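*Asks:* Pasting in a structure now, in structure tokens, and then I'll have a few things to ask.
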Amino acid sequence: MKILFIITRGDLVGGAQIHVRDMSIALRAAGHHPWVLVGSAGDFTRQLAEADIGWELVPNLKRQIHPIHDIIAIGNIRKAIRRHNPDLVSTHTAKAGMVGRIAAVLEKRPVLFTAHGWQFADGIPLSQALPVLWIERFLSPLTRRIITVSEYDYTLALRKKAAPEKRMAVIHNGLPDVRTASRPKEETSGHTPRLVMIARFQPQKDHLTLLRALKQIFEPDWELDLVSDGPDLEIIKGEVKSVGLEKKVHFLGQRSDIEEILGGSDIFVLASHWEGFPRSIIEAMRASLPVVCTDVGGCRESVVHGKTGFLVKEKDEQDLAQAIRTLLQDPETARTMGQAGRKRYEEYFTFKIMFYKTLEVYKEVTGL
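The sequence shown begins at 428 in my numbering and counts up one residue at a time.
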């Protein structure tokens with residue numbers, strides 16, 4: 428098959444970019460022919476080039492809705508479709524999903540959309556959610572298949588009447604295994620437990636509640652690594668100073684050595700206001716880490732409360748503090764939960780599982 432992927436941003440590497448990159452590499456290894464269209468260049472496109480995956484820029488494919496840019500982007504994508512003559516157009520992220528699907532339909536090509544978390548999820552401001560919801564209601568009948576990465580997103584789309592049940596399929600995110608992620612953690616004398624949260628500093632993530640929860644934990648001792656960047660970075664740095672945690676909270680920036688960071692951590696935390704199905708949780712489970720996360724979106728589909736970690740209430744600093752304190756005070760329970768998470772990753776969330784389920788959808792859509 429010739430598969431043409433379309434994704435908006437090529438200047439960063441998030442969950443959707445990782446999905447497209449890993450699927451492209453695996454598809455090529457299986458004898459297929461992937462190609463990627465992006466709206467900007469940067470870290471993601473460098474990774475594609477290093478993996479020898481073909482890509483090209485789509486002028487005017489921007490993240491924000493803009494009628495003139497969007498019309499031009501549709502025209503550019505139509506030209507790319509004619510040049511590459513794909514058997515399937517696979518669109519990712521909201522904006523590429525919009526213009527990419529319209530272009531594919533106009534060119535009479537089979538098209539699918541992978542929703543890496545709906546932009547009308549519970550918790551997203553209504554002013555942002557409603558336009559996306561109405562656009563999806565218009566586009567879903569034109570889409571051969573819609574893949575949601577969680578049961579939550581599947582149910583949400585039905586509840587919001589965004590897409591008909593017959594067009595949707597649930598395929599959970601899956602990650603390749605890595606050697607460093609599965610190393611057993613050994614207790615060392617005098618070791619200060621390290622917590623880690625990998626999440627962009629943006630309104631979706633709730634770093635503030637995490638910091639306020641940690642302010643309540645005086646013992647056992649702990650340190651926190653915050654990984655990534657984002658528009659709210661300076662706000663969070665200011666909060667760290669205001670609660671007096673400058674010596675215990677470390678800002679690591681955007682990093683490419685996530686496996687190594689997780690391998691040196693003891694507890695993974697993800698505080699959020701809304702989620703789809705976070706890949707970072709799967710990364711943590713792969714690394715044998717217990718997970719403490721907000722019970723939003725599809726988080727409960729990966730984390731088994733009381734077995735692989737803890738689910739806590741949104742914006743509840745007391746609940747979050749208690750879950751973290753429990754793991755800090757009982758390292759043996761933390762290790763047992765981490766091992767249970769690793770086993771759950773191996774059973775449900777490997778890349779191989781995701782790849783073959785996705786390939787079956789591709790074959791169904793194309794008839795190849």
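Every residue gets a Cβ at the ideal spot worked out from N, C-alpha and C, and that includes glycine.
Everything numeric in this text was worked out from a predicted model, so none of it was measured.
Using only CA atoms, which one of Ile508, Phe678, Glu650 lies nearest to Ile663?
*Replies:* Measuring from the Cα of Ile663, the nearest candidate turns out to be Phe678.
*Asks:* For a test of the three-state rule: what should DSSP assign to Ser699, helix, strand or coil?
*Replies:* Three-state result, Ser699: strand.
*Asks:* By how many angstroms is the C-alpha of Lys668 removed from the C-alpha of Leu738?
*Replies:* If I take the Cα positions, the gap works out to 28 Å.
*Asks:* If we call anything under 8 Å between Cβ atoms a contact, is Ile751 one with Val788?
*Replies:* It is not a contact, given that the beta carbons lie outside the stated cut-off.
*Asks:* Would a C-beta distance cut-off of 8 Å place Phe704 and Ser577 closer than the cut-off?
*Replies:* Cβ distance < 8 Å, so Phe704 and Ser577 count as in contact.
*Asks:* Is Ala443 close to chain B, meaning its C-beta is less than 8 Å from at least one C-beta of that chain?
*Replies:* Checking the listed chains, one finds no chain B in this structure; it contains a single protein chain.
*Asks:* May I have the straight-line CA-CA distance separating Ile780 from Lys770, to the nearest angstrom?
*Replies:* Ile780 and Lys770: Cα-Cα distance of roughly 14 Å.
*Asks:* Let me check understanding here. Comparing Cα to Cα, which of His732, Gly544, Arg627 lies closest to Thr760?
*Replies:* The option with the nearest alpha carbon to Thr760 is His732.
*Asks:* For Ala698, which residues in the same chain have their Cβ closer than 6 Å to its Cβ, ignoring the five residues on either side in sequence?
*Replies:* Taken in chain order, the residues that qualify are Asp633, Thr636, Leu637, Thr721.
*Asks:* Quick check on the DSSP output: the alpha helix (DSSP H) that includes Ile801 runs from which residue to which?
*Replies:* Only positions 428 to 795 of the chain appear in this structure, which leaves residue 801 out of reach.
*Asks:* Classify Gln756: buried if its beta carbon has 16 or more other beta carbons within 10 angstroms, exposed otherwise.
*Replies:* Per the 10 Å Cβ criterion, exposed.
*Asks:* List the DSSP bridge partners of Cys720.
*Replies:* Leu697, Leu738.
*Asks:* What is the DSSP secondary structure of Ala714, counted as helix, strand or coil?
*Replies:* If DSSP states are grouped into helix, strand and coil, Ala714 belongs with coil.
*Asks:* Starting from Thr518, follow the beta strand (DSSP E) in both directions and report where the run begins and ends.
*Replies:* It spans 515 to 519 - the beta strand (DSSP E) in which Thr518 sits, taken as one unbroken run.
*Asks:* Within the chosen definition, does the stretch 456 to 464 reach the stretch 540 to 547 through at least 3 CB pairs nearer than 8 Å?
*Replies:* In short, these stretches do not touch, since the Cβ pair count stays below three.
*Asks:* Along the chain, where does the alpha helix (DSSP H) that runs through Val559 open and close?
*Replies:* Per DSSP, Val559 belongs to the alpha helix (DSSP H) from 553 to 566.
*Asks:* With a Cβ-Cβ cutoff of 8 Å, do Val719 and Leu747 count as a contact?
*Replies:* It is a contact, given that the beta carbons lie within the stated cut-off.
*Asks:* If distances are taken between C-alpha atoms only, which option among His599, Asp549, Ile625 comes closest to Lys784?
*Replies:* For Lys784, the nearest C-alpha among the options comes from His599.
*Asks:* Look at the alpha carbon of Ile644 and the alpha carbon of Gly601, and state the distance between them as a whole number of angstroms.
*Replies:* Looking at the two C-alpha atoms, the distance is approximately 34 Å.
*Asks:* Rank Glu702, His700, Lys675, Glu710 by C-alpha distance to the C-alpha of Glu687 and give the top, closest one.
*Replies:* Closest by alpha carbon: Glu710.
*Asks:* Are the beta-carbon atoms of Ile508 and Ala476 separated by less than 8 Å?
*Replies:* Not in contact: Ile508 and Ala476 (Cβ atoms no closer than 8 Å).
*Asks:* Which residue's Cα is closest to the Cα of Glu646: Gln631, Thr753, Phe432?
*Replies:* Checking every option, the nearest Cα to that of Glu646 belongs to Thr753.
*Asks:* If I measure Cβ to Cβ from Glu650 and keep anything under 8 Å in the same chain, skipping five residues before and after, which residues do I get?
*Replies:* Here the set comprises Thr619, Pro620, Arg621, Leu622, Lys675, Val676, His677.
*Asks:* For a test of the three-state rule: what should DSSP assign to Ala542, helix, strand or coil?
*Replies:* Looking at Ala542 - three-state DSSP - the assignment turns out to be strand.
*Asks:* Can you have a look at Gln681 and say buried or exposed, based on whether 16 or more other CB atoms are within 10 angstroms of its CB?
*Replies:* Gln681 comes out exposed.
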